[in-house]
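Working notes for the structure below.
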Amino acid sequence: MNGHFVISLDFELHWGMCDHKSVEDYQENLKNVGPVINRLLTLADDYNIKLTFATVGFLFARNKSELLEFVPSNKPTYTDPKLSPYPLLNSIENEKEDPYHFAKSAIKQIQVNGNHEIGTHTFSHYYCHEPGQTVSQFEEDIKSAVAIAKPLDIKLESIVFPRNMIKADNKIDQPYLEVCKKHGINSFRGKEKAFIYNIHTTKFYKGWYIFKFLRLLYTYINVTGYNTYNVDKYYSDKSILNLPSSRILRAYIKPLKFLEPLKVLRIKKSMKH
């Protein structure tokens with residue numbers, strides 16, 4: 009049986025970090041997104057590799073007025089209000105002046121290439137495990153994501169949950185998966201099958217810093233195994249398809265540059281396993 013090499017990329021710009029960092033703090037990374045997309049598309053074409061860009065719905069708009077047409081009335085009511093990106097809409101204008109919050113032209117570029125999938129990263133970079141939000145609010149978010157993609161003739165069929173806040177075998181998460189299936193989404197990137205991914209590494213969880221360290225270590229050293237799998241075991245006609253991750257390509261960390269060869273070796277060994 010031939011293996012499957014699946015690459016999913018989170019396309020989020022500042023919306024993925026706005027609860028942690030300002031544009032100024034993250035600008036060096038943000039301004040490189042456009043050139044990186046160009047390079048990724050070129051490399052993918054050269055090596056005949058298909059990519060999935062899990063895209064935050066906000067990015068489909070060209071300007072604020074266009075985005076506001078799709079904003080749901082039932083927004084997430086997070087206990088921690090700083091998690092909501094909606095207040096930031098008051099300070100953004102259009103893609104030309106603000107390429108860190110709009111990306112319609114980049115989405116069209118990916119679409120025109122024709123070899124890649126544009127999936128969803130939810131409409132508003134929605135956090136399913138954060139206290140205060142509800143399943144009905146999540147459904148409104150997904151409906152908005154589907155709606156804003158439709159004018160571009162893009163049908164959203166896969167999802168990457170922001171910060172991987174989903175657990176396939178958790179009963180409390182099943183309603184979120186059912187919402188996705190209901191609105192045409194057929195697959196999602198699940199959590200890697202390893203104990204170090206059992207919790208999300210935020211201070212909301214006890215011992216989060218231990219898990220965070222182990223995940224960093226796992227980038228360079230095989231801590232829990234290769235965690236590849238037979239995809240046939242996950243197929244079901246009744247439910248959304250869970251495609252667990254098995255390797256993250258962690259960003260370059262300058263103080264740990266001497267470990268970069270180990271990181272590449274880890275990935276290559278996993279691909280051959």
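Residue numbers (our numbering): 9 to 281. All residues carry an ideal CB built from backbone N, CA and C; glycine is no exception.
Assuming A176 contacts L164 (C-beta within less than 8 Å), just tell me the rounded distance between them. Contact between A176 and L164 does not hold, since the beta-carbon distance rounds to 19 Å and is not under 8 Å.
One question on the structure: do R197 and L251 come within less than 8 Å of each other, judged by their Cβ atoms? Closer than 8 Å, so yes.
Cα-Cα separation, L49 to A157: Distance between the alpha carbons of L49 and A157 is about 20 Å.
Using a Cβ cut-off of 8 Å (strictly closer), state whether G65 contacts chain D. The structure shown contains no chain D; it holds only a single protein chain.
Can you name the residues that DSSP bridges to D18? Bridge partners of D18: A62.
So the candidates are R258, L91 and N121; which of them puts its Cα closest to the Cα of D27? Minimum Cα distance to D27 is reached at L91.
DSSP-derived helix/strand/coil call for F196: DSSP, reduced to helix, strand and coil, places F196 within a strand of the structure shown.
Going by C-alpha distance, which of H109, D88 and I126 is nearest T60? Of the candidates H109, D88 and I126, I126 places its Cα closest to the Cα of T60.
Just curious, the alpha helix (DSSP H) that I100 is in, first and last residue? That residue, I100, is in no alpha helix (DSSP H); it is neither H nor E in DSSP.
Are the CB atoms of T128 and I167 within a distance shorter than 8 Å? It is a contact, given that the beta carbons lie within the stated cut-off.
Mark E147 as exposed unless 16 or more other C-beta atoms lie within 10 angstroms of its C-beta, in which case mark it buried. Label assigned to E147: buried.
Given Q182 as reference, the closest of L38, S247 and S113 once Cα atoms are compared: From the listed residues L38, S247 and S113, the smallest Cα separation to Q182 is found for S247.
Measure the CB-CB distance between P93 and H133 and report whether it falls below 8 Å. P93 places its beta carbon less than 8 Å from that of H133.
8 Å CB neighbourhood of Y237 in its chain, flanking five on each side removed: The answer, listed in chain order, is K201, P252 and S254.
Give every residue of the same chain whose Cβ lies closer than 8 Å to the Cβ of E268, excluding the five residues on either side of it in the sequence, and list them in chain order. Residues Y260 of the same chain have their beta carbon placed closer than 8 Å to that of E268, with the five preceding and five following residues left out of the count.
Quick one, are the C-beta atoms of I115 and H109 less than 8 Å apart? Not a contact, by the Cβ cut-off of 8 Å.
Whose C-alpha, out of T87, I229, D33 and F13, is nearest the C-alpha of E138? Of the candidates T87, I229, D33 and F13, the residue whose Cα lies closest to the Cα of E138 is T87.
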